[in-house]
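Chemist:
In our numbering, the protein residues as written are 576 to 775.
1. From what residue to what residue does the alpha helix (DSSP H) around residue 608 run?
2. Name the two residues that bound the continuous alpha helix (DSSP H) containing residue 562.
3. Residue 595 and residue 664 - do their beta-carbons sit closer together than 8 Å?
4. Please state whether DSSP places residue 748 in a helix, a strand or coil.
5. Can you give me the start and stop residues for the beta strand (DSSP E) that residue 586 sits inside?
6. Which of the three DSSP states, helix, strand or coil, is assigned to residue 697?
7. Closest to residue 750 by C-alpha separation, out of 687, 611 and 627, would be which residue?
8. Could you tell me the boundaries of the alpha helix (DSSP H) in which residue 635 lies?
9. Please state the DSSP three-state secondary structure of residue 594.
10. Per DSSP, which one or two residues make a beta bridge with residue 686?
11. Could you give the distance in angstroms between the alpha-carbon of residue 649 and the alpha-carbon of residue 621?
12. Checking the sheet assignment: what are the DSSP bridge partners for residue 766?
13. Give me the DSSP bridge partner(s) of residue 666.
14. Drop a sphere of 10 angstroms on the beta-carbon of residue 645, count the other beta-carbons inside from all chains shown, and report buried for 16 or more, exposed for fewer.
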């Protein structure tokens, strides 16, 4: 199957696994919490959670491992761990170079992430200068306009609508690392480049 790329005017980046190497941090937190209940956090389970909103990810892990806690309790437990580890997030190889290149050439960029605003702030705390290069950020974990998380297209449609001039979907290119995110971008009618975790 050959796919033809159309001219692109705007770029939307996912955050986790695309700009920041945070997937290993999510894994570490999930491993710590599941170990408290005598369970092992597996790669198969992680794949099912990648790119989903926090509440959905929590329900997925609780149901899969029959954990004796509520989604709110799970999220509170991992949030406590996140507060310590998210500020240590490192940039993905090549991410900063690409973002600065696009900015230097006047191509508007945005971030569309399933993160809650507080988590986003912790992750990007060491990269304020880079963050300033983006036109805007959409955090579906705290944006009332985003009714449905990935794989629904809401987050990308809303991110595109907040650019000046509101570009049509086919002129927007999305960088994503998760199958859920790719599905969401395609459902939004956008072009997408997948930068997968090596095992995906």
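Where a beta carbon is used, it is the ideal one built from N, C-alpha and C, also for glycine. Small disclaimer: the values here were computed from a predicted structure and weren't measured.
Modeler: Reading it off the structure:
1. Position 33 of the chain shown, counted from the first residue, corresponds to residue 608. Start and end: 598-610.
2. Residue 562 lies beyond the range of the chain shown here (576 to 775); nothing can be said about it.
3. Reading the chain shown from its first residue, position 89 is the one you call residue 664. Reading the chain shown from its first residue, position 20 is the one you call residue 595. Their beta carbons are under 8 Å apart, which means residue 664 touches residue 595 by this criterion.
4. Counted from its first residue, the chain shown places residue 748 at position 173. Three-state DSSP puts residue 748 in a strand.
5. Stepping through the chain shown from its first residue, residue 586 is reached at position 11. First-last of the beta strand (DSSP E) with residue 586: 585-588.
6. The residue you call residue 697 lines up with position 122 of the chain shown. Helix.
7. Numbered from its first residue, the chain shown carries residue 750 at position 175. Taking only the C-alpha atoms, the option nearest residue 750 is 687.
8. Position 60 of the chain shown, counted from the first residue, corresponds to residue 635. Segment 629-640, the alpha helix (DSSP H) holding residue 635.
9. Position 19 of the chain shown, counted from the start, is the residue given in the question as residue 594. Note: residue 594 maps to coil in three-state DSSP.
10. The residue you call residue 686 lines up with position 111 of the chain shown. For residue 686, which the question treats as bridged, DSSP gives the partners 588 and 712.
11. For the purposes of this step, residue 649 is taken as the residue at position 74 of the chain shown. For the purposes of this step, residue 621 is taken as the residue at position 46 of the chain shown. Roughly 15 Å separates the two Cα atoms.
12. What you label residue 766 is simply residue 191 of the chain shown in a count that begins at 1. Answer is 748.
13. Locating residue 666 in the chain shown gives position 91, counting from the first residue. Per DSSP, 595.
14. In the chain shown, the residue the question calls residue 645 occupies position 70. Burial call: exposed.
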